[in-house]
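Asker: Residue numbers (the numbering used here), protein chains in the order written: chain H, 11 to 229; chain S, 11 to 229.
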C-alpha cells in the first residue's frame, strides 16, 4: 500500500535504451558461461544471446562472430590482471615485496578455476579451431608476458636485478609460479588453489627467483 | 657367390618363438604410434595388434586392456628419464653442472614432440577417460617429480642448497624449465625446441634456481 509517487517514472515516448557498452558486457558475460558449459565447438551464438537476454540481432550487431566473442571473453579476463599490475607499479616497495605482488596477481589470474577451464578449452579444441589458440596467445599469454617482462626490465634498469635474457627469465618466472598447480587442476586431480595457497606460493617464488637456493658456505 | 656355410642354420622342429618381452616391446611401440595417430578414444586394440604384427590373442594375453596399454606407453617413455637420472647421480660434479644435467634430462624428456603430444592427449581426453589422467600422473608426473625431489634432498643434505619446502621447490624448478616452451608446442604455435635450445634453457634454469637474479650491490 505504499505510495509510488517517489519512484522514478518511466520516461515517455521512445523507450529507454541500454547503452551498447552495457549490453556488450552482458553478452560477454553470457558467452563466458556458454563457453564454460559447452566448449567452443558446442557454444552457439543463439544460446549466448538467450543467456544474455538480448536479441540475436543486437548481439550480431555488437559482436558479429564466435571467434570475436571468444576474444572478448579472454581479453576481459586478462584486463583485470593488466589493471592490477598497472595500478601498482609497486615502485616504492622493496623489490621482494613488489615481485611477490606481481606473481601473486599473475597466480590469482591464472590459477583461477575459470581461467584454467578456458585454457583447457583452448588446448582441447585448438586442433579443430586454430584461431582460438592464436587468440588466447595474443590476448592472454602475450599481454601478460609483456606486462611482466616490462616490470622486470624496469628492475634491471634500476640495477636491482641482472638478467641476461629477460624474455626467457620471464617465462621461467611464470612457469615457477603456476605450472604444477595449474596442471593438477587441468587433469582433474586437484581443486584450484585457494588464495592463501596462491599467496604462499607467490612468496616462495619471489624469494627463489631473487636469491636462488644455493647455501653460501659460512666462514 | 659367397658360401653360406658360416651362417647359423635355422633350428629344426618347433618354430623359434619370439620371447614375450620382445613381443611386448613391439606391442607398446605400436600402441605409441596408434595413440599418437588416433587419440585415446580412437585407438583400437585390433589396430595396435595389426601395427605390431601380432595376433590379437597374443596381444590380449600380454596386455589385456587399453588402459594398461596406455600405462605401458607412458611408463616406457618415463623410464628413459629415470635411467638417465640414476645412471648419473652426478655426485662428483659441481652442483651447477649436476643441476644443469638434471634439468637437461627433464627437458629432453618433456619437451620432446611425442611426449608433448601424449600430454596433450591426456588433457584433451581426461574428461571422458579420467583413468588416463591418473595413469599419466602416477607413471609420469609423480615418478619424475620423485626422482628430482630425491636429487634435491641429497643436495640439501650435503649442505649445498637450502630449501624450506622441497616438493614446492621441485615443482618450481620443473615449471621454470618447461612450461612456456611446452605450451607453445601444445598450442601449435611453435615447433618443439631442438637440443641446443633445450641445453641453453637448462643452463639458464640451473643458474637462476641456484643463485637467483638479485644484483648484489658492489662495494
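Yeah, the Cβ is synthetic: ideal placement off N, Cα and C, and Gly gets one too. This one's a predicted model, so the numbers in the text were calculated from it and none came from an experiment.
1) Give a yes or no on whether 8 Å exceeds the smallest Cβ distance from residue 12 (chain H) to chain S.
2) Per DSSP, residue 130 (chain H) forms a beta bridge with which residues?
3) Which residues in the same chain have their Cβ closer than 7 Å to the Cβ of residue 43 (chain H), if we skip the five residues on either side of it in sequence?
4) Using DSSP with H/G/I as helix, E/B as strand and the rest coil, what is residue 73 (chain S)?
5) Drop a sphere of 10 angstroms on the beta-carbon of residue 200 (chain S), count the other beta-carbons inside from all chains shown, and report buried for 16 or more, exposed for fewer.
6) Name the DSSP bridge partner or partners of residue 171 (chain S)?
7) Would you list, in chain order, the members of the region 204–229 of chain H that have their beta-carbon closer than 9 Å to a beta-carbon of chain S?
8) Taking the alpha carbon of residue 205 (chain S) as the reference point, which residue from S:180, S:119, S:140 has its own alpha carbon closest?
9) Classify residue 212 (chain H): buried if its beta carbon has 16 or more other beta carbons within 10 angstroms, exposed otherwise.
10) Out of H:138, H:105, H:151, which one is the CA nearest neighbour of residue 88 (chain H)?
11) Does the Cβ-Cβ distance between residue 140 (chain S) and residue 198 (chain H) come in under 8 Å?
12) Using CA atoms only, rank isn't needed, just tell me which of S:220, S:127, S:27, S:68 is closest to residue 194 (chain S).
13) Hey, residue 50 (chain S) and residue 135 (chain S) are a contact pair by Cβ (cut 8 Å); roughly how many whole angstroms apart?
14) In chain order, what residues of the same chain have a beta carbon less than 8 Å from the beta carbon of residue 64 (chain H), not counting five sequence neighbours either side?
15) Residues of the region 116–134 of chain H with a CB closer than 8 Å to any CB of chain S: list them in chain order, please.
16) Within its chain, find whatever has a CB closer than 7 Å to the CB of residue 66 (chain S); leave out the 5 residues flanking it on each side and keep chain order.
17) Nearest CA to the CA of residue 146 (chain H): which residue from H:77, H:114, H:181?
18) Residue 116 (chain S) and residue 75 (chain S): beta carbons closer than 8 Å?
19) Just how far apart, CA to CA, sit residue 166 (chain H) and residue 103 (chain H)?
20) Which residue comes first and which comes last in the alpha helix (DSSP H) that contains residue 192 (chain S)?
21) Pull up the distance between the alpha-carbon of residue 112 (chain S) and that of residue 217 (chain H), whole angstroms please.
22) Go ahead and pull the three-state DSSP assignment for residue 103 (chain H).
23) Go ahead and label residue 71 (chain H) buried or exposed: buried means 16 or more other beta carbons lie within 10 angstroms of its beta carbon, across all protein chains shown.
24) Cutting at 6 Å between CB atoms, please list the residues of its own chain near residue 41 (chain S), excluding the five before and the five after it.
25) Closest to residue 163 (chain H) by CA distance: which of H:148, H:222, H:180 is it?
26) Could you tell me which chain S residues have their CB closer than 8 Å to the CB of residue 103 (chain H), listed as they occur along the chain?
27) Between the Cα of residue 124 (chain H) and the Cα atoms of H:170, H:187, H:182, H:86, which residue gives the shortest distance?
28) List the residues of chain S whose Cβ lies closer than 7 Å to the Cβ of residue 186 (chain H), in chain order.
29) Can you say whether residue 132 (chain H) is buried or exposed, counting buried as having 16 or more other CB atoms within 10 angstroms of its CB?
30) Hey, quick one: how far does the alpha helix (DSSP H) through residue 64 (chain H) stretch, first residue to last?
31) Check whether chain S comes within 8 Å of residue 147 (chain H), counting only Cβ atoms and requiring the distance to be less than that.
32) Given a cut-off of 8 Å on the beta-carbon distance, is the pair residue 225 (chain S) and residue 172 (chain H) in contact?
33) Looking at chain H, which residues of the region 163–174 of chain S have a Cβ within less than 8 Å of any of its Cβ atoms?
34) Shortest alpha-carbon distance to residue 73 (chain H) belongs to which of H:177, H:31, H:142?
35) Rounded to the nearest angstrom, what separates residue 122 (chain S) and residue 168 (chain S) at their Cα positions?
Answerer: This is what the structure holds:
1) Here residue 12 (chain H) corresponds to residue number 2 of the first chain, with the count starting at 1. At residue 12 (chain H) the pLDDT is 45, less than 50, meaning the model places this residue with poor confidence and gives no usable figure here.
2) One-based indexing of the first chain puts residue 130 (chain H) at position 120. DSSP output for residue 130 (chain H) lists no bridge partner at all.
3) In the first chain, counting from the first residue as 1, residue 43 (chain H) sits at position 33. Within the same chain, Cβ atoms closer than 7 Å to the Cβ of residue 43 (chain H) are found at 61, the five residues on either side in sequence being excluded.
4) The count along the second chain starts at 1 and reaches residue 73 (chain S) at position 63. Coil, per DSSP.
5) For the purposes of this step, residue 200 (chain S) is identified with residue 190 of the second chain, where counting begins at 1. Counting Cβ neighbours within 10 Å, residue 200 (chain S) comes out exposed, since fewer than 16 surround it.
6) For the purposes of this step, residue 171 (chain S) is identified with residue 161 of the second chain, where counting begins at 1. Per DSSP, the beta bridge partners of residue 171 (chain S) are H:224.
7) Listed by position along the chain: 210, 211, 214, 215, 217, 218, 219, 220, 221, 222, 223, 224, 225, 227.
8) To locate residue 205 (chain S), count along the second chain from 1; it is residue 195. Checked all of S:180, S:119, S:140; the closest Cα to residue 205 (chain S) is S:119.
9) Looking up residue 212 (chain H) in the first chain gives position 202. It counts as buried.
10) Looking up residue 88 (chain H) in the first chain gives position 78. Of the candidates H:138, H:105, H:151, the residue whose Cα lies closest to the Cα of residue 88 (chain H) is H:151.
11) Locating residue 140 (chain S) in the second chain gives position 130, where the first residue counts as 1. Locating residue 198 (chain H) in the first chain gives position 188, where the first residue counts as 1. A contact, by the Cβ cut-off of 8 Å.
12) By 1-based counting over the second chain, the position of residue 194 (chain S) is 184. Sorting S:220, S:127, S:27, S:68 by C-alpha distance to the C-alpha of residue 194 (chain S) places S:127 at the top.
13) If you number the second chain from 1, residue 50 (chain S) lands on position 40. If you number the second chain from 1, residue 135 (chain S) lands on position 125. That belief holds up - the Cβ atoms of residue 50 (chain S) and residue 135 (chain S) are roughly 5 Å apart, short of 8 Å.
14) What you label residue 64 (chain H) is simply residue 54 of the first chain in a count that begins at 1. Within the same chain, residue 64 (chain H) has close Cβ partners 33, 36, 37.
15) So the list reads 130, 132, 133, 134, given in the order they occur along the chain.
16) As a first step, residue 66 (chain S) must be located in the second chain, where it is residue number 56. Here residue 66 (chain S) has 55, 56, 59 as same chain residues with Cβ atoms under 7 Å from its own Cβ, once five neighbours each way along the sequence are excluded.
17) As a working mapping, residue 146 (chain H) is identified with position 136 in the first chain. Looking at the Cα atoms, H:77 is the closest of the given residues.
18) Working through the second chain from its first residue, we reach residue 116 (chain S) at position 106. Working through the second chain from its first residue, we reach residue 75 (chain S) at position 65. For residue 116 (chain S) and residue 75 (chain S), no; Cβs fall outside 8 Å.
19) Translated into the one-based positions of the first chain, residue 166 (chain H) becomes position 156. Translated into the one-based positions of the first chain, residue 103 (chain H) becomes position 93. Taking the straight line from one Cα to the other gives about 15 Å.
20) Counting from 1 along the second chain, the entry for residue 192 (chain S) is found at position 182. First-last of the alpha helix (DSSP H) with residue 192 (chain S): 176–196.
21) The count along the second chain starts at 1 and reaches residue 112 (chain S) at position 102. The count along the first chain starts at 1 and reaches residue 217 (chain H) at position 207. Rounded to the nearest angstrom, the two C-alpha atoms are 22 Å apart.
22) The residue given as residue 103 (chain H) occupies position 93 in the first chain. In the structure shown, residue 103 (chain H) sits in coil (DSSP, three-state: anything other than H, G, I, E or B).
23) Position 61 of the first chain holds residue 71 (chain H). It is exposed - the Cβ of residue 71 (chain H) has fewer than 16 other Cβ atoms within 10 Å.
24) Here residue 41 (chain S) corresponds to residue number 31 of the second chain, with the count starting at 1. Answer for residue 41 (chain S): 58, 79, 83, listed in chain order.
25) Sequence index remark: in the first chain, residue 163 (chain H) carries index 153 (1-based). Taking only the C-alpha atoms, the option nearest residue 163 (chain H) is H:180.
26) Translated into the one-based positions of the first chain, residue 103 (chain H) becomes position 93. In chain order: nothing, as chain S lies at least about 15 Å away.
27) The sequence position of residue 124 (chain H) within the first chain is 114, counting from 1. That would be H:86, whose Cα lies nearest to the Cα of residue 124 (chain H).
28) As a working mapping, residue 186 (chain H) is identified with position 176 in the first chain. Residues of chain S passing the Cβ test: 182, 185, 186.
29) In the first chain, counting from the first residue as 1, residue 132 (chain H) sits at position 122. Burial call: buried.
30) In the first chain, the residue the question calls residue 64 (chain H) occupies position 54. Here residue 64 (chain H) belongs to no alpha helix (DSSP H), and DSSP marks it neither H nor E.
31) Counted from its first residue, the first chain places residue 147 (chain H) at position 137. Output row for residue 147 (chain H): interface = yes.
32) Here residue 225 (chain S) corresponds to residue number 215 of the second chain, with the count starting at 1. Here residue 172 (chain H) corresponds to residue number 162 of the first chain, with the count starting at 1. Yes. Within cutoff.
33) Cβ contacts with chain H come from 169, 170, 171, 172, 173, 174.
34) Numbered from its first residue, the first chain carries residue 73 (chain H) at position 63. Ranking H:177, H:31, H:142 by Cα distance to residue 73 (chain H) puts H:31 first.
35) The residue given as residue 122 (chain S) occupies position 112 in the second chain. The residue given as residue 168 (chain S) occupies position 158 in the second chain. Here the C-alpha atom of residue 122 (chain S) lies approximately 32 Å from the C-alpha atom of residue 168 (chain S).
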